[in-house]
Amino acid sequence: AQTVTQSQPEMSVQEAETVTLSCTYDTSESNYYLFWYKQPPSRQMILVIRQEAYKQQNATENRFSVNFQKAAKSFSLKISDSQLGDTAMYFCAFMRNTNAGKSTFGDGTTLTVKP
Amino acid sequence: DTEVTQTPKHLVMGMTNKKSLKCEQHMGHRAMYWYKQKAKKPPELMFVYSYEKLSINESVPSRFSPECPNSSLLNLHLHALQPEDSALYLCASSGASLTNTGELFFGEGSRLTVL
Numbered sequence: 001a002q003t004v005t006q007s008q009p010e011m012s013v014q015e016a017e018t019v020t021l022s023c024t025y026d027t028s029e030s031n032y033y034l035f036w037y038k039q040p041p042s043r044q045m046i047l048v049i050r051q052e053a054y055k056q057q058n059a060t061e062n063r064f065s066v067n068f069q070k071a072a073k074s075f076s077l078k079i080s081d082s083q084l085g086d087t088a089m090y091f092c093a094f095m096r097n098t099n100a101g102k103s104t105f106g107d108g109t110t111l112t113v114k115p
Numbered sequence: 116d117t118e119v120t121q122t123p124k125h126l127v128m129g130m131t132n133k134k135s136l137k138c139e140q141h142m143g144h145r146a147m148y149w150y151k152q153k154a155k156k157p158p159e160l161m162f163v164y165s166y167e168k169l170s171i172n173e174s175v176p177s178r179f180s181p182e183c184p185n186s187s188l189l190n191l192h193l194h195a196l197q198p199e200d201s202a203l204y205l206c207a208s209s210g211a212s213l214t215n216t217g218e219l220f221f222g223e224g225s226r227l228t229v230l
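Chains Z and X supply the protein sequences, listed in that same order.
Heads up, the first sequence is in our numbering, so the first residue is 1 and it goes up one at a time.
Heads up, the second sequence is in our numbering, so the first residue is 116 and it goes up one at a time.
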């Protein structure tokens, strides 16, 4: 069974600063997907960024980037130039390629961006 | 804008009531999901439908009964619920093929309170 661990229950950052959210996972699979989802207060959960395990290059989406270390089973999210709208709960998630129906979520990190 | 629509947004019911949650998507996705989410916790998978057939039931109590009338609609029928069933119920969809990206598209959720 896969496990996903987010060791930072809460974090805060000043507006315009950079923050990194950590995520580690455990799996015996060699091919899989990793995701970061964002859930703002009382709003829907949306995908922030996705990484395929077979790709060595770290994924980036505008101000969001990941540091994917496959051997270390680490998948951290870096948010640059933090904005007030980044305030949300962030979930790291794992999904096996051959079992598209089941994602394993971490416990989440609540990020507060302060003005 | 959400592409997965859930109704109702809020529902209060007694333990003897029968009610239903509804979910609709028009993205052509062939996998649809029900998740249960408690406050400040990650979503917990309940059911997965793939090509309108139930593919995963995470040992959910029979007082929750899913139904997939067609590829765009997903219902969750509720009967004889307990107060501990109070939670946010999230519907999600995704592509169902082995080459899909695995991203989950979530609705805004139905907040259920059982009295």
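Idealized CB from N, CA, C, for every residue including glycine.
Because the structure is a prediction, the values reported are computed rather than measured.
Exposure of residue i, with buried meaning 16 or more beta-carbon neighbours within 10 Å
i	result
Gly106 of chain Z	buried
Lys55 of chain Z	exposed
Met161 of chain X	buried
Val48 of chain Z	buried
Ala59 of chain Z	buried
Lys38 of chain Z	buried
Gly85 of chain Z	exposed
Gln57 of chain Z	exposed
Val127 of chain X	exposed
Tyr32 of chain Z	buried
Pro123 of chain X	exposed
Top-ranked residue by Cα proximity to residue i, from the options
i	options	result
Ser135 of chain X	X:Ser209, X:Ser180, X:Met161	X:Ser180
Trp149 of chain X	X:Glu118, X:Cys183, X:Lys156	X:Cys183
His144 of chain X	X:Lys153, X:Ser225, X:His194, X:Leu219	X:Leu219
Leu230 of chain X	X:Asp200, X:Leu205, X:Ser209	X:Asp200
Gln236 of chain X	X:Gly129, X:His125, X:Pro123, X:Thr122	Nothing about residue 236 of chain X can be read from this structure; chain X reaches only from 116 to 230.
Tyr164 of chain X	X:Cys206, X:Gln121, X:Thr228, X:Gly222	X:Cys206
Contacting residues, own chain, Cβ-Cβ under 7 Å from residue i (five flanking each side not counted)
i	result
Val4 of chain Z	Cys23, Tyr25, Cys92, Ala93, Phe94, Thr104, Phe105, Gly106
Phe75 of chain Z	Cys23, Tyr25, Leu34, Gln51, Val66, Phe68, Cys92
Ser209 of chain X	His144, Ala146, Asn215, Gly217, Glu218, Leu219, Phe220
Arg63 of chain Z	Ile79, Ser80, Asp81
CB contact check: residue i to chain Z, cutoff 8 Å
i	result
Phe179 of chain X	no
Glu139 of chain X	no
Pro123 of chain X	no
Leu169 of chain X	no
Pro198 of chain X	no
Minimum Cβ-Cβ distance from residue i to chain X less than 8 Å
i	result
Phe180 of chain Z	Shown here, chain Z extends from 1 to 115; a query on residue 180 of chain Z therefore has no answer.
Same chain, Cβ closer than 8 Å to residue i, neighbours up to 5 away in sequence not counted
i	result
His141 of chain X	Glu118, Ser187
Thr87 of chain Z	Pro40, Pro41, Leu111, Thr112, Val113
Residues near residue i in its chain [Cβ-Cβ closer than 6 Å; skip 5 each side]
i	result
Leu169 of chain X	none
Leu203 of chain X	Gln152, Gly224, Arg226
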